[in-house]
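Residue numbers (this note's numbering): 547 to 766.
Here it is as structure tokens:
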């Protein structure tokens with residue numbers, strides 16, 4: 547299909563030279579809660595995630611949560627880190643992180659492409675999944691492999707996405723499911739999030755779905 551295409555910009559297609567495992571909160575990024583029910587998820591919107599406040603007392607690289615999930619706290623969605631959430635949005639880009647080999651995917655509420663550039667008002671949520679050999683759980687390994695294989699076969703011509711990110715040439719709408727995760731490595735000293743994102747699109751929330759374990763193409 548026409549929209550299963552990526553930007554052919556050379557900067558986006560350079561292969562990432564990366565090492566695994568990663569560092570910050572890596573035990574959480576490569577696991578899910580014990581005895582998971584992968585079919586039990588809560589559907590939310592991109593706006594829901596971007597409006598979710600930081601956990602109370604959140605700190606940059608908090609040592610208490612490097613290998614433990616952040617405890618439940620009162621919030622508008624009634625969710626906690628470790629919950630499985632499903633969200634839909636337009637896939638702006640996919641990249642291979644050059645430090646830990648994760649697939650970094652940016653979802654947005656607008657059909658941004660190589661010709662329809664992002665704007666500051668666009669919502670953006672980052673979702674990621676590590677290499678299958680980073681996971682100990684066999685089912686999670688299998689699901690991570692399936693997600694990454696689908697992305698490669700349908701979106702990147704069986705090539706690893708580049709480290710700077712491959713932007714969609716045509717609007718690609720997807721549905722992803724994964725673990726709610728708070729990336730405190732990007733929390734500034736004043737408690738505000740460090741804007742993150744690649745290729746002119748920024749995410750102003752530190753909440754992610756990480757790892758994602760289901761990836762499907764959908765209709766807007």
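Virtual Cβ for every residue (Gly too), placed ideally from N, Cα, C.
| Residue span of the beta strand (DSSP E) that contains residue 598, given as start and end | Note, residue 598: premise wrong, no beta strand (DSSP E); not H, not E.
| task | In angstroms with no decimal places, state the Cα-to-Cα distance between residue 694 and residue 629. | result | 21 Å
| Separation of residue 741 from residue 631, as counted between CA atoms | 22 Å
| Terminal residues of the continuous beta strand (DSSP E) containing residue 674? | 670-675
| request: Going by DSSP, name the residue or residues bridged to residue 712. | output: 640
| field | Whole-angstrom distance between residue 663 and residue 601, CA atom to CA atom | value | Roughly 32 Å between the two C-alpha positions.
| said: Quick check for students: name the residue ranges of the beta strand (DSSP E) that lie wholly in the region 602-660, counting only runs of 3 or more. | reply: 630-642 and 649-654
| field | Segments of 3+ residues assigned as beta strand (DSSP E) that fall wholly inside the region 691-761 | value | 719-728
| query | Out of curiosity, what's the CA-to-CA distance linking residue 762 and residue 614? | reply | Cα to Cα, residue 762 sits roughly 29 Å from residue 614.
| request: Assign residue 575 to one of two classes, buried (16 or more other C-beta atoms within 10 Å of its C-beta) or exposed (fewer than that). | output: buried
| query | Is it the case that the Cβ atoms of residue 653 and residue 635 are separated by a distance below 8 Å? | reply | yes
| query | Under a three-way DSSP split, which group does residue 588 fall into? | reply | strand
| request: Tell me, please, which residues DSSP counts as bridged to residue 763. | output: Answer by DSSP bridge pairing, in chain order: 720.
| message | Tell me the residue span of the alpha helix (DSSP H) that contains residue 573. | response | 572-575
| message | By the three-class DSSP mapping on this structure, what secondary structure does residue 687 have? | response | helix
| request: Return the Cβ separation of residue 728 and residue 755 in integer angstroms, given the expectation that the two are a contact with Cβ distance under 8 Å. | output: 11 Å between Cβ atoms; not a contact.
| query | How about residue 571 and residue 639: are their beta carbons less than 8 Å apart? | reply | no
| query | Buried or exposed: residue 667, going by 16 or more other Cβ atoms within 10 Å of its Cβ? | reply | It is exposed - the Cβ of residue 667 has fewer than 16 other Cβ atoms within 10 Å.
| DSSP on residue 679, reduced to helix/strand/coil? | helix
| Residue from 686, 721 and 719 with nearest C-alpha to residue 584 | Among 686, 721 and 719, the Cα nearest to that of residue 584 is on 686.
| query | Can you check whether the CB of residue 595 is closer than 8 Å to the CB of residue 753? | reply | yes
| said: Once the 5 residues before and after residue 682 are set aside, which same chain residues still bring their CB inside 8 Å of it? | reply: 576 and 577
| task | Give the straight-line distance between the Cα atoms of residue 604 and residue 642, rounded to the nearest whole angstrom. | result | Each residue's Cα considered, the two are about 28 Å apart.
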